[in-house]
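Asker: Following the numbering used here, the numbering of the sequence shown begins with -19 at its first residue and continues without gaps.
I have a structure here, written as structure tokens, and I will follow up with some questions on it.
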Amino acid sequence: MLKAFAVGLVGVMLVLPGAVVAGVANGETFFERFPALARAATDNNSSTYNFARYSFDVVVPTDSGEGLGSLLIGIPNGIRPPTPDMVQAFNGNGDPVAVQSNVQGNAVQVTFAQPVGPGNRVSVQFYPMRNPRRGGTFLFDVNAAPAGPSPRAQFLSYGRITFYTPGGRGH
């Protein structure tokens, strides 16, 4: 069984033996090293395409201190947000990962049933998506929160996906 104790006024929590938990005295958890958005892509860059798959691949570093509990993906204007049944996740081997998704406005909250552990990769996918009617570059903001009852979310990066008008003449 792990024994936790708080260290002075610093507000750091240490867990013994062998486990590392990044946290503060109030129970808030955070990443010691942030996950990274490794890739944002679609399987079809043509505007007006109706059955595209959007993928957001996140890598949790081995020294993150916490597992990945959830992602919040902001959907840019001009793209219709997915419904919860259009959200899936897969581990680095391509096996399905259980998630619960919640869509509020232009943001999709993806909560993992089991945290994505340090040293692992996860791909969150939206399918089928309707591409925008006009070409252009769209920025999806991707935020990550560690596992735990009171996580401190962290902005990771913008996932950039470019769509082209039919005929391939750019945007």
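Idealized CB from N, CA, C, for every residue including glycine.
Taking three-plus beta-carbon pairs below 8 Å as touching, is the stretch 40 to 47 in contact with the stretch 87 to 106?
Answerer: yes
Asker: Let me know if Leu199 comes out buried or exposed under the rule of 16 or more other beta-carbons within 10 Å of its beta-carbon.
Answerer: With the chain covering only -19 through 151, there is no way to say anything about residue 199.
Asker: Please return the same chain residues whose Cβ sits closer than 8 Å to the Cβ of Val18, not counting the five positions on each side in sequence.
Answerer: Before going further, note that residue 18 is Ala rather than Val in the sequence given. Asp37, Val38, Val39 and Arg101, listed in sequence order.
Asker: If contact is defined by three or more beta carbon pairs under 8 Å, each pair taking one atom from either stretch, is the stretch 62 to 76 in contact with the stretch 122 to 134?
Answerer: The stretch 122 to 134, when compared against the stretch 62 to 76, does not touch it at the 8 Å Cβ threshold.
Asker: For the stretch 48 to 101, which segments carrying the beta strand (DSSP E) assignment without a break, of at least 3 residues, lie completely within its bounds, in sequence order?
Answerer: Unbroken beta strand (DSSP E) runs of no fewer than 3 residues, entirely contained in the stretch 48 to 101, are found at 48 to 54, 67 to 71, 79 to 84 and 87 to 96, following chain order.
Asker: Measuring straight from C-alpha to C-alpha, what distance separates Phe106 and Glu12?
Answerer: 29 Å
Asker: What's the gap between the Cα of Val79 and the Cα of Tyr144?
Answerer: 31 Å
Asker: What is the DSSP secondary structure of Phe135, reduced to helix, strand or coil?
Answerer: strand
Asker: Considering Cα atoms alone, identify which of Gly116, Arg110 and Gly54 is closest to Asn86.
Answerer: Gly54
Asker: Return the chain-ordered list of same chain residues with a C-beta closer than 6 Å to the C-beta of Tyr138, the five sequence neighbours on each side being excluded.
Answerer: Correct list, in chain order: Leu119 and Asp121.
Asker: Checking the sheet assignment: what are the DSSP bridge partners for Ala21?
Answerer: Ser35
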